[in-house]
Ligand code: TIU
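Following this line, the structure appears as C-alpha cells:
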C-alpha cells in the first residue's frame with residue numbers, strides 16, 4: 021500500500037510501567053509481565069526514525085483519576101486481582117494518573133512536544149481528545165504499536181478504523197501476556213484483506229519510512 025507519510029502519525033499504546041514491570045496492574049491480574057519486553061526495542065527503532073522524520077508522535081496511557089470518578093465500578097471490581105485499581109502498590113496506586121506505575125517506561129519516554137493522551141478505557145479514542153488532535157494535524161494514517169496486542173491495541177485500531185483512519189500495526193512492536201492472543205490479535209486485524217487494518221514488521225516500516233520521508237524532505241516538504 022502507498023501511504024502519505026506527511027499525513028501519518030506514530031501511536032504508541034500504553035508502554036507504562038503498570039503493564040511492563042512487576043508490581044503493576046498487569047502483574048496484579050496474574051500475568052507474566054516479562055512477555056511484553058520484546059516489543060520495546062522494535063518500538064524504539066521506529067520511534068527514533070519517526071522523530072528523525074518529524075512525524076507526529078502520540079503516546080497513550082491507560083489510567084484513572086485519583087478519586088476513581090472515571091473508573092467504572094465494573095472495571096474496578098472485575099476479576100480477583102491481588103490489588104485492585106486504586107490500591108497502593110510498590111509503584112504507587114495501581115493504574116492511577118500521576119503515580120510512578122502509570123508513567124511510560126524510560127526507554128520510550130516522551131520527548132518534550134510529543135503528545136500524551138490519557139485514557140480511562142482500552143481504546144484511545146473513548147473519552148479522550150485523540151480525534152481532535154488527529155484532525156488538527158491532518159492525520160489520515162496511524163502506525164500503531166504498544167501493549168497489549170489483543171486489548172488496548174486491538175480496541176484502538178477498531179475505533180480508528182470506524183473513524184476512517186488507515187491503521188498499520190507494527191507486529192513486533194506489539195506484545196501480549198498471551199503469545200497466542202498476540203498472534204491471533206494480529207491475524208484478526210489483517211484477515212479478509214485487512215478488515216480493520218494492516219500489519220507489518222518494524223523492519224519493513226523502517227525501510228519504507230526512510231526511503232519515503234527522506235525523499236520528501238529532500239523535495240522540501242514538511243508536515
Ligand atoms: N490486561 C491487558 O492485557 N491489557 C490492559 O488491561 N490494558 C492494555 O492493553 N493497555
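Numbering (our numbering), first residue to last: 21 to 243. We put the beta carbon where it would ideally sit given N, CA and C, even for glycine. Keep in mind the model is a prediction, meaning the values are calculated, not measured.
In terms of residues, what are the limits of the alpha helix (DSSP H) holding residue 202? The residue given as residue 202 occupies position 182 in the chain shown. Residue 202 -> alpha helix (DSSP H) spans 199 to 214.
Return the CA-CA distance between residue 188 and residue 117, expressed in angstroms with no decimal places. As a working mapping, residue 188 is identified with position 168 in the chain shown. As a working mapping, residue 117 is identified with position 97 in the chain shown. Rounded to the nearest angstrom, the two C-alpha atoms are 28 Å apart.
Distance between beta carbons of residue 44 and residue 121, contact taken as under 8 Å: Start at 1 with the first residue of the chain shown, and residue 121 comes out as number 101. Start at 1 with the first residue of the chain shown, and residue 44 comes out as number 24. So it is a contact: roughly 5 Å between Cβ atoms.
Exposure label - residue 36; buried when at least 16 CB within 10 Å: Position 16 of the chain shown holds residue 36. Under this definition residue 36 is a buried residue.
Taking the beta carbon of residue 215 as the centre, do at least 16 other beta carbons fall within 10 Å, making it buried, or is it exposed? Start at 1 with the first residue of the chain shown, and residue 215 comes out as number 195. With fewer than 16 other CB atoms across the displayed protein chains lying within 10 angstroms of its CB, residue 215 is exposed.
Can you give the Cα-Cα distance for residue 209 and residue 231, rounded to whole angstroms? Here residue 209 corresponds to residue number 189 of the chain shown, with the count starting at 1. Here residue 231 corresponds to residue number 211 of the chain shown, with the count starting at 1. Going by the C-alpha atoms only, they are around 26 Å apart.
Could you check where the beta strand (DSSP E) with residue 166 kicks off and where it finishes? Here residue 166 is taken as the residue at index 146 of the chain shown, counted from 1. Looking at the DSSP string, the run of the beta strand (DSSP E) that includes residue 166 is 161 to 167.
Quick check: the Cα distance between residue 219 and residue 207, rounded to an integer number of angstroms? As a working note, residue 219 is residue 199 in the chain shown. As a working note, residue 207 is residue 187 in the chain shown. Their Cα atoms are separated by approximately 8 Å.
Helix, strand or coil: how does DSSP classify residue 243 here? Counting from 1 along the chain shown, the entry for residue 243 is found at position 223. Caution is warranted here: a pLDDT of 45 is assigned to residue 243, below 50, making its placement in the model unreliable, and the coordinate value is therefore given only provisionally. For residue 243, the three-state secondary structure derived from DSSP is coil.
Can you determine whether any heavy atom of the ligand TIU sits closer than 7 Å to the C-beta of residue 158, and answer yes or no? Taking the chain shown and counting its residues from 1, the one referred to as residue 158 is at position 138. Incorrect: residue 158 has no Cβ contact closer than 7 Å to the ligand TIU.
By a C-beta neighbour count over all protein chains shown, 10 Å radius and 16 as the cutoff for buried, is residue 139 buried or exposed? Residue numbering aside, residue 139 sits at position 119 when the chain shown is read from its first letter. A residue is called buried once 16 or more other Cβ atoms fall within 10 Å of its Cβ, and residue 139 is buried on that count.
Are there any heavy atoms of the ligand TIU lying less than 7 Å away from the beta-carbon of residue 225, as far as the coordinates show? Here residue 225 refers to the residue found at position 205 of the chain shown. Not one heavy atom of the ligand TIU lies closer than 7 Å to the C-beta of residue 225.
May I have the straight-line CA-CA distance separating residue 86 from residue 71, to the nearest angstrom? On the chain shown, position 66 is the one that residue 86 refers to. On the chain shown, position 51 is the one that residue 71 refers to. The straight-line gap from Cα to Cα measures roughly 32 Å.
Measuring only the C-alpha atoms, how far is residue 180 from residue 62? Residue numbering aside, residue 180 sits at position 160 when the chain shown is read from its first letter. Residue numbering aside, residue 62 sits at position 42 when the chain shown is read from its first letter. A direct Cα-Cα distance of roughly 22 Å separates residue 180 from residue 62.
Over what stretch of residues does the alpha helix (DSSP H) that includes residue 63 continue unbroken? The residue you call residue 63 lines up with position 43 of the chain shown. For residue 63, the uninterrupted alpha helix (DSSP H) segment begins and ends at 60 to 73.
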